[in-house]
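At position 116 of the sequence shown the residue is numbered 116 (the UniProt record's numbering), and the sequence of numbers has no breaks. See structure below.
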Amino acid sequence: MEHLKLTFGDIAQRGILYYDKEVEKACHSICETLKIDNMPDYDSAHYFQLQNGQFQRKSINEENKLQSRDRIFEEELIKKFNANTHNVLFVFKGDVLSGIVHFSDYNQTKVLQAIQDDVLTFERKLRQYLFLKNFRNEDMLKYFEYRAGKNEHSKHYYEGRLHQLDKRKEELNQLGEFQMFDLKDLLEFGNDAPSKNAFQYEKVDLQGRDIYESTMVNSLRNMAMHGKNPIEMDEESSVYSIESLEYLFHALKILETFTYRIEKLIADHEDYKKSVIMDNRSKLEIIYQHHPKAINYFMGN
1 MEHLKLTFGD IAQRGILYYD KEVEKACHSI CETLKIDNMP DYDSAHYFQL QNGQFQRKSI
61 NEENKLQSRD RIFEEELIKK FNANTHNVLF VFKGDVLSGI VHFSDYNQTK VLQAIQDDVL
121 TFERKLRQYL FLKNFRNEDM LKYFEYRAGK NEHSKHYYEG RLHQLDKRKE ELNQLGEFQM
181 FDLKDLLEFG NDAPSKNAFQ YEKVDLQGRD IYESTMVNSL RNMAMHGKNP IEMDEESSVY
241 SIESLEYLFH ALKILETFTY RIEKLIADHE DYKKSVIMDN RSKLEIIYQH HPKAINYFMG
301 N
């Protein structure tokens, strides 16, 4: 998955501002503006912590140190960022300081792009799996009718969706199966009786509240597609919220689990197995007849 490939070398701020006693007022101003409490020393071994209006020199240790090659979505990082909420962490290449990072740096475009790629990959695979299970657009329309008649709470929404799709009937028929249905629609269909629970999921406890796994995956899609920052600012304190980082990590873990599960379901489906066998046999025949050029073509792709 693309988001799992990202390292701190990808998101660290390389324009390092070091603490300097000769211009200490500027250092105070920078910390206040950025809402951080520390700045690195020039020696790649120490930093200055702002405490009660005074800078105190301290050693950089494992609690506030990262390597540029470290992956940015390792679970243990939550503890590090939790322990350094108002501080930057120091990113090293070997023993040399190469950058600094705050958890707000997860708001960078390259992080959103990686998440978007992974969500779209899962969404395409979910459509593929529902197709393998012999569901089509018509089944989704029937599902909307089923949901509209289920209770008053959902009636207005699903009747509205049916009305929209009816006006775009020609487009619906021209596009591939499920192309006009949102990820939210497909996930809810997969977890309900009309699909025979083709793709089930549960509620999880997150920060003291129960929330559907699908809701968290949908939130990733909406965030990535609309370019919203995953790390939000707390309205009361005007500092970045560590809770939003925890939510992001949890949601991405669910997306990872969902993706690997849907890939396994596809791989185990009999029709998919048959298509793999037929495709492989065709390649073997071509290679046998045109070796060695053909083998180079197939092995290279």
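Positions of the beta carbon are idealized from the N, C-alpha and C atoms, including for glycine. Just so it is clear, the structure is predicted and the values come from calculations on it, not from any experiment.
Check	Outcome
Using C-beta distances below 8 Å, list every residue in its chain close to T7, excluding the 5 sequence neighbours before and after it, in chain order.	S68, R69, D70, R71, I72
Rank H153, Q174, M180, S154 by C-alpha distance to the C-alpha of Q164 and give the top, closest one.	M180
Unbroken alpha helix (DSSP H) runs of length 4 or more, entirely within the segment 197-238: which are they?	213-225
Report the rounded CA-to-CA distance for K150 versus L265, giving the unit in angstroms.	29 Å
Classify Y19 as buried or exposed, calling it buried when 16 or more other Cβ atoms lie within 10 Å of its own Cβ.	buried
Contact defined as beta carbons within less than 8 Å: I believe Y260 pairs with F189. What is the distance between those atoms, to the nearest angstrom?	Between F189 and Y260 the Cβ distance is about 21 Å, and since that is not below 8 Å, they are no contact.
Where V119 and Q51 are concerned, what is the direct C-alpha to C-alpha distance, given to the nearest angstrom?	42 Å
Which class does R71 belong to by DSSP, given the choice of helix, strand or coil?	strand
Going by DSSP in three states, R281 sits in which element: helix, strand or coil?	helix
Is it true that the CB of L77 sits closer than 8 Å to the CB of A224?	no
Would you grab the beta carbon distance between I231 and F103 for me? Rounded to a whole angstrom, and I think it's under 8 Å.	6 Å
May I ask which residues mark the beginning and end of the beta strand (DSSP E) holding M39?	38-40
Per the DSSP calculation, S59 is bridged to which residue(s)?	H46
Tell me whether the beta-carbon of F199 lies closer than 8 Å to the beta-carbon of Y129.	yes
Name the two residues that bound the continuous beta strand (DSSP E) containing I16.	Premise fails: I16 is in no beta strand (DSSP E) and is neither H nor E.
Using CA atoms only, rank isn't needed, just tell me which of N296, Y240, S244, E213 is closest to E256.	E213
Confirm, please, whether the CB-CB distance from A83 to E63 is below 8 Å.	yes
According to DSSP, is S241 helix, strand or coil?	coil
Once you ignore the five residues that flank V204 on each side, which residues in its own chain have a CB closer than 7 Å to its CB?	I211, E213
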